[in-house]
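See below for the structure under consideration.
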Amino acid sequence: MSTSMARNLFGKTILITGASAGIGRSTAFEFARTSPASLRLILTARRVDRLHQIAEEIEHEAGTGVRVHVVKLDVSKPEEIERFVQGLPEEFRAIDVLVNNAGFMSGVEQAPDIPPNVIRDVWATNVTGVINMTQAILPIFKARPDGGRGDVVMLGSLAGREPYVGGALYCSSKAAVRAFTDALRRELIATRIRVITVDPGQVLTEFTTIRYRGDQAKADAVYAGCEPLTPDDVAEVIVFAAGRRENVVVADTLLFPSHQASPTHVHRKS
Ligand SMILES: NC(=O)c1ccc[n+]([C@@H]2O[C@H](COP(=O)([O-])OP(=O)(O)OC[C@H]3O[C@@H](n4cnc5c(N)ncnc54)[C@H](OP(=O)(O)O)[C@@H]3O)[C@@H](O)[C@H]2O)c1
1 MSTSMARNLF
11 GKTILITGAS
21 AGIGRSTAFE
31 FARTSPASLR
41 LILTARRVDR
51 LHQIAEEIEH
61 EAGTGVRVHV
71 VKLDVSKPEE
81 IERFVQGLPE
91 EFRAIDVLVN
101 NAGFMSGVEQ
111 APDIPPNVIR
121 DVWATNVTGV
131 INMTQAILPI
141 FKARPDGGRG
151 DVVMLGSLAG
161 REPYVGGALY
171 CSSKAAVRAF
181 TDALRRELIA
191 TRIRVITVDP
201 GQVLTEFTTI
211 RYRGDQAKAD
221 AVYAGCEPLT
231 PDDVAEVIVF
241 AAGRRENVVV
251 ADTLLFPSHQ
261 ASPTHVHRKS
């Protein structure tokens, strides 16, 4: 006997960006665990050595029903996205689910002191990267009957809904993704293509260490007295959304750990 989620995901091809760490990595494992009988996973990120290790672990854990294809891909480089799609092996071409997860932030500077290279890289990854990936994969979805089929899952953020001090660049990048996502859902209304956003609050990943440019003490202070979400918590919601019956769209999900109600409304145990 299998769950309805396993049946709905059976035979699907799932593409995850930023699968080398955090939420992307957990999402790869969660898909494999949920539908181990027949699934193809395409894992992409810049740190390809990590991806190979994850692929090995998944294949070991899930067995031969899950096939994994690893590709080095920097989503901030449009030419790499183009090459990536052209270079997909036949077996992995019919993508059913795109998880636009790759994203980052560096620093907490406020305007006018945000470094120009950070503005460029955050926008190129979090916004242009998401738009370019979506544009690259949508033709695969649209070639299917009824105007098209497939899922676009966006990793938005609480930051895209409620901006905070020291987050002008990151918050605006996620707000841009949110606007793109909402417009896309409307544009694709005559199809079977589902557009899904999952917007987490605090999640304990490498994200905050990268944000504080490797200063672990500052990263740890963000979570002092708190119990943030784990990347597995977020992955479960992504897989749940993608595993619904085709006519069900889990369009928009905001996820908090229980002590959090907004970017700044955080209850800390003393
Ligand atoms: N952690 C949080 O509190 C939180 C909250 C809300 C939303 N989010 C969002 O969730 C997503 C995942 O973040 P996370 O918390 O899992 O962070 P993470 O642990 O730092 O993972 C980020 C992933 O994105 C990849 N990545 C970064 N830049 C990339 C690029 N240019 N091209 C391709 N891959 C790239 C990284 O891989 P490589 O370095 O190997 O390329 C890594 O696999 C992000 O979009 C983030 O904004 C996070």
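Residue numbers for the sequence shown follow my numbering, beginning at 1 and rising by one. Glycine residues also receive a C-beta, built at the ideal position from the N, C-alpha and C atoms.
{"Asked": "Any heavy atom of ligand 1 closer than 6 Å to the Cβ of Leu41?", "Found": "no"}
{"Asked": "Spatial neighbours of Phe141 within its chain, please: C-beta separation below 7 Å, excluding the five flanking residues on both sides.", "Found": "Gly148, Arg149, Gly150, Ile193"}
{"Asked": "What separation, rounded to the nearest whole angstrom, lies between the Cα atoms of Ala251 and Met133?", "Found": "19 Å"}
{"Asked": "Just to check my reading of the structure: Ala21 and Val66 have Cβ atoms closer than 8 Å, yes? What is that Cβ distance to the nearest angstrom?", "Found": "Incorrect: roughly 20 Å between the Cβ atoms, too far for contact."}
{"Asked": "CA-CA distance, Ile54 and Ile14?", "Found": "15 Å"}
{"Asked": "When every heavy atom of ligand 1 is checked, does at least one fall within less than 6 Å of the C-beta of Asn132?", "Found": "no"}
{"Asked": "Using 8 Å as the cut-off, can you tell me whether the region 181-199 makes contact with the region 246-261, which would need three or more C-beta pairs spanning the two stretches below that distance?", "Found": "yes"}
{"Asked": "So, are the CB atoms of Cys226 and Arg268 less than 7 Å apart?", "Found": "yes"}
{"Asked": "Consult DSSP for Ile189 and reduce its assignment to one of helix, strand or coil.", "Found": "coil"}
{"Asked": "Excluding the five sequence neighbours on either side, which residues of its own chain have a C-beta within less than 8 Å of the C-beta of Val165, listed in chain order?", "Found": "Gln110"}
{"Asked": "Within 6 Å: the Cβ of Gly107 and any heavy atom of ligand 1?", "Found": "no"}
{"Asked": "Which residues does DSSP list as the beta-bridge partners of Asp199?", "Found": "Leu254"}
{"Asked": "Flag this pair as yes or no: are the beta carbons of Val127 and Ser173 separated by less than 7 Å?", "Found": "yes"}
{"Asked": "With distances taken from CA atoms, which of Leu39, Arg178, Gly201, Gln216 is nearest Asn100?", "Found": "Arg178"}
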